[in-house]
Amino acid sequence: MLLTETKMSPQINFDMPGYKTYRADHPSGTREGGSAILIKNCIKHSEMPPIAKNVVQTARIKIKINHYDYIIGSFYSAPDRDERHLRLNDLWDVVREMGPKFLLGGDFNAKHPRWASATTNPRGRILLETALKFNLNVFHPLEPTHYPRNSRHAPDILDIFLGKDMNNLAGPAGVQHALSSDHYPVLINVNGLIPCTKRDSVIRNPFDWKRYSDILNEITDLSIPLRTPQDIDVAVSRLTHNIHYAATEAGTPNRPTTHRRYSHSPTHITDLLNVKRNARLQWERTKYPAHKTAYNRASLDLKNALSRLRDEENRNMLLQLEANNGSLFHKAKTLIKQPTTIPPLKQNGNWLCTPSEKAEAFAKNLTEQFSPNPSSMPEFHQTIEETITEPLDLSPFREHFTPNQVKNAINRTSPKKSPGSDGINQSLLKHLPRKTITMLTQIYNAMLRTTHFPQKWKHAEIVMIPKPLKPTQNPSSYRPISLLSIFSKLFERLLLPKLLPYFSPAIPDFQFGFRRQRSCEQQLHRLAEEILEAFENREVCQGLFLDTEKAFDRVWHPGLLYKIKPLLPDTYYRIIQSFLSNRTFHVKCDDACSSAQPIRASVPQGSVWGPILYLLYVGDIPTQRGTSSFMFADDHAVLARNSSGVAASTALQSLVDDVQEWTQMWRINMNNDKSCIATFTLRRKFQTLPVTMNNSPVPPANVVRYLGVHLQQRLTFDSHVSELVKRTRARINLLKPLMGPKSTLSLDYKRILYLTMIRPIWQYGCSVWGLACKSQIQRVQSQQNRALRMITGAPWFVRNSVLHRDLNIPEVQTTIENTMYRLRNQITDLNTPAFTELLRSWNRQLEPRRLKRKRTADISVP
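Numbering (this note's numbering), first residue to last: 11 to 872.
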């Protein structure tokens with residue numbers, strides 16, 4: 011469907027179930043002009059960059075017809091005005107950009123007898139000259155497409171098609187007497203072979219799980235040799251092939267592709283539609299006022315009937331939603347989730363439109379991204395690479411896995427995890443027979459004996475998702491999501507408990523990322539209490555917030571192996587060495603895949619070992635006496651407290667010098683632009699010194715964001731609360747169709763949606779930002795009041811306290827106090843070195859304090 015004069019702006023979303031929408035809005039960003047294309051999801055196509063100018067807007071897609079690429083375009087150009095006049099060159103530019111084979115349809119606002127118009131206007135002459143110059147075919151209906159609302163103007167043909175190399179494909183155009191616009195739809199048939207998308211799922215419903223297990227039990231051979239690395243690679247290939255073969259045989263073979271069919275309109279809707287069409291045709295023929303009145307009445311009756319039908323369908327749909335089967339949350343997520351389609355990419359001045367072109371562009375970027383940073387100390391790095399190749403002392407290794415351990419690990423695997431490049435998911439593993447599980451166990455034990463990690467399990471399939479607030483046409487504005495084989499992650503999960511006792515002593519206490527009984531809120535609480543102690547002691551607290559460039563993606567493998575070599579026995583070390591070496595990836599975009607590319611650096615994303623390996627790599631980051639370090643994975647903050655701001659700056663500068671030398675040794679780059687320094691103090695007069703890193707000053711910031719919480723100089727949290735209010739209001743508006751007074755969902759389900767979809771937005775970090783004043787907390791409380799009133803539909807005279815009591819939802823202040831109480835109990839029970847200073851601070855807070863600010867130690871009763 012080609013839509014013209016859409017009058018949509020970037021703030022307006024338009025989606026139709028079962029279709030994809032491509033738009034060309036007016037470049038001014040206003041609701042003016044515009045065109046769009048709707049195409050079924052099952053039709054294979056690729057998006058083209060739109061042509062969006064002041065005088066013409068054209069949405070475009072590329073589609074294969076009879077194995078040739080054709081561009082389909084939706085054209086709109088507003089009628090000529092003094093400041094907006096379609097010139098010959100503008101139309102020629104559009105035709106040139108459409109390519110050698112295309113079909114362009116829409117409202118040209120051009121009249122000429124060549125396409126059966128009654129009159130001629132300047133645009134008609136321009137369009138005819140263009141058609142003759144480029145040898146274009148004009149496809150037009152034989153009756154008027156536009157009936158002006160002004161009875162003094164005569165109907166005419168304005169909506170036509172231009173085609174290039176479409177003689178044998180496009181049939182005659184015809185007018186469809188439908189819809190309510192003053193332009194009738196024009197239909198053209200294109201006769202050709204158009205490929206459709208195919209689902210590449212291994213499991214096809216209906217699926218016979220018993221037959222699947224029986225086939226695997228029959229074809230599994232436990233007598234395969236597993237003595238060498240080559241034997242293991244062959245066994246992995248055979249296991250993967252057996253599972254695919256059994257899944258294919260157990261599914262429904264040669265199942266024809268079926269598309270979703272929508273139910274026909276009810277009889278009364280069809281009757282009202284026919285009445286409306288007849289009334290419109292009669293009014294168009296006669297232009298009598300009485301016939302116009304009858305047409306308006308029929309249109310209004312149809313509109314009201316459709317509105318009632320939609321309300322009834324929505325009511326029935328909501329009544330079928332349940333929390334137990336996940337349908338309620340699935341519907342809520344469809345309202346919240348943003349589209350993640352990848353538009354055409356621009357690279358080196360060229361547009362990349364097809365999935366294969368996009369995949370190759372992403373793969374090229376990621377190959378550079380998965381490479382180590384340049385070496386600034388070649389002699390030292392050469393020594394590191396020579397050290398890791400030195401032979402190790404062999405020791406007897408008697409570790410092994412049992413089939414029961416493997417079966418339990420499979421059962422603990424989440425069924426929601428996406429499969430890797432082999433297409434094997436958790437459902438296929440969960441129904442493996444005992445014999446196949448035994449074969450998998452034999453492979454795992456052979457990997458322990460030979461210290462060889464199979465090559466197929468080191469290949470990653472990467473899909474790209476857009477980063478928020480980044481230009482979508484830039485390939486670097488997308489984040490890679492790596493999908494690994496589930497067999498690989500099972501082995502990592504089985505071996506991880508044996509590795510942790512060796513790794514844990516090498517991870518510093520101030521590192522809270524990816525560690526048991528450690529959380530973001532605990533780290534935030536440590537940092538906030540350090541700042542509040544500085545306020546209490548009239549000190550200046552300077553905070554340095556460091557950003558590591560491509561932290562996980564540029565981990566230097568020899569440096570990582572050098573650090574873990576002294577920690578592990580030789581067998582474990584060789585397994586990890588094999589795990590990191592010769593890794594590859596490919597990028598998948600729609601149904602296209604890029605060529606395989608090497609990974610020369612990084613810890614494997616999506617793996618079980620990846621996070622712990624990164625913690626080991628940065629575990630020896632320098633610290634400085636007089637400073638406090640706070641790390642959560644790659645988020646690194648350092649605070650320096652002193653009665654003199656100059657002394658605090660000096661301590662930070664000394665630390666930065668050590669960190670800079672450390673980063674050169676281990677080929678890590680700190681991002682100066684994203685790093686910042688902030689000063690926290692209540693003093694009105696203080697002096698600090700600039701802190702330099704990489705020969706440039708670290709930029710100061712009035713508000714800094716650390717682990718999702720905005721921190722200011724006086725720790726008032728007003729910026730953070732403003733962000734929470736904005737996000738909470740947006741989420742409430744998105745969920746209004748489910749939680750609003752017109753929704754037929756039960757009150758219990760509405761309450762569940764609030765507690766699971768809205769409250770977590772502001773509840774995160776509330777043990778820290780909850781130390782703000784009452785007026786800031788009241789701003790969040792107002793949003794909760796608004797949500798509860800929307801849920802219940804309560805009138806204005808019902809008190810908010812009554813709504814909280816009836817729905818059994820605590821007020822914001824109560825939720826904050828309960829969260830603080832639980833967090834304080836967790837930290838007290840742990841009593842690890844990381845919380846020693848924090849516990850001392852809490853003990854000091856029980857004594858009389860100089861400031862009257864709220865502190866966590868004041869919370870005594872949950």
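Think of the CB as a built atom: it goes at the ideal place given N, C-alpha and C, for glycine as much as any other residue.
> CA-CA distance, Val822 and Asn835?
Replying inline: 20 Å
> Expressed to the nearest angstrom, what Euclidean distance is found between the alpha-carbon atoms of Lys508 and Thr461?
Replying inline: 15 Å
>> Using 8 Å as the cut-off, can you tell me whether the region 668-686 makes contact with the region 618-636, which would need three or more C-beta pairs spanning the two stretches below that distance?
In response: yes
>> If you measure between the beta carbons of Gln722 and Ser729, is that distance less than 8 Å?
In response: yes
> My guess is that Met449 and Leu232 are in contact by the Cβ rule of under 8 Å, so how many angstroms apart are they, rounded?
Replying inline: 6 Å
> His391 to Asn704, Cα distance in whole Å?
Replying inline: 20 Å
> Buried or exposed: Arg270, going by 16 or more other Cβ atoms within 10 Å of its Cβ?
Replying inline: Residue placement at Arg270 cannot be trusted, given a pLDDT of 49 that sits under 50; the coordinates are not used to answer.
> Straight-line CA distance for Thr268 to Cys206?
Replying inline: Reliability fails at Thr268, whose pLDDT of 48 lies under 50, so the model's placement of it is uncertain and no value is given.
>> Am I right that Tyr716 and Ala647 are in contact with their C-beta atoms under 8 Å? What's the rounded C-beta distance?
In response: 6 Å
> How is Glu471 classed by DSSP in three states: helix, strand or coil?
Replying inline: strand
> Which residue's Cα is closest to the Cα of Leu554: Ile837, Leu662 and Ser337?
Replying inline: Leu662
> What first and last residue would you give for the beta strand (DSSP E) that runs through Trp361?
Replying inline: Asn360 to Leu362
> For Ala740, which of helix, strand or coil comes out of DSSP?
Replying inline: helix
> Skipping 5 residues on each side, what residues in its chain have a beta carbon closer than 7 Å to that of Leu152?
Replying inline: Ala126
> Going by beta carbon distance, what residues of the same chain come within less than 7 Å of Glu332, once the five residues before and after it are set aside?
Replying inline: Leu338
> Just checking, does the region 592-608 make contact with the region 358-373 on the three C-beta pairs under 8 Å criterion?
Replying inline: yes
> Hey, is the region 107-123 in contact with the region 161-175, meaning 3+ C-beta pairs nearer than 8 Å?
Replying inline: yes
> So, using beta-carbon positions, are Ala470 and Ile242 closer together than 8 Å?
Replying inline: no
> So which of Ile609, Ile453, Gly261 and Phe562 has the shortest CA-CA distance to Gly620?
Replying inline: Phe562
> Since Pro707 sits in a beta bridge, which residues does DSSP pair it with?
Replying inline: Thr702
> Just how far apart, CA to CA, sit Arg610 and Asn682?
Replying inline: 25 Å
>> Let's see if you can read the secondary structure: which residues bound the alpha helix (DSSP H) around Gln793?
In response: Lys784 to Thr802
> Which residues in the same chain as Asn145 place their Cβ atom closer than 8 Å to its Cβ, once the five residues preceding and following it in sequence are excluded?
Replying inline: Lys174
>> So, does the region 534-550 touch the region 841-850, judging by three or more C-beta pairs under 8 Å?
In response: yes
> Which residues does DSSP pair with Gln607 in a beta bridge?
Replying inline: Phe595
> Going by C-alpha distance, which of Ser191, Gln587, Arg761 and Pro608 is nearest Val597?
Replying inline: Pro608
> Applying the criterion that 16 or more other CB atoms from any shown protein chain within 10 Å of the CB defines a buried residue, is Ser84 buried or exposed?
Replying inline: buried
> When we look at the beta-carbon of Met26 and count the other beta-carbons within 10 Å, is it buried (16 or more) or exposed?
Replying inline: exposed
> Going by the beta-carbon positions, is the gap between Asp432 and Thr250 smaller than 8 Å?
Replying inline: yes
> If we call anything under 8 Å between Cβ atoms a contact, is Val618 one with Glu733?
Replying inline: no
> Should Trp852 and Thr866 be called a contact, given that it needs their Cβ atoms to be closer than 8 Å?
Replying inline: yes
>> Beta-carbon within less than 8 Å of Pro476's beta-carbon, same chain only, minus the 5 sequence neighbours each way: which residues are those?
In response: Thr350, Ile352, Thr482, Ser487, Tyr488 and Arg489
> With 16 as the cutoff for other CB atoms within 10 Å, does Glu531 come out buried or exposed?
Replying inline: buried
>> Between Pro354, Pro216, Leu12 and Val148, which has its C-alpha nearest His193's C-alpha?
In response: Leu12
>> What residue range does the alpha helix (DSSP H) around Tyr572 cover?
In response: His567 to Ile574
> If you draw a straight line from the alpha carbon of Val812 to that of Ala804, how long is it in whole angstroms?
Replying inline: 10 Å
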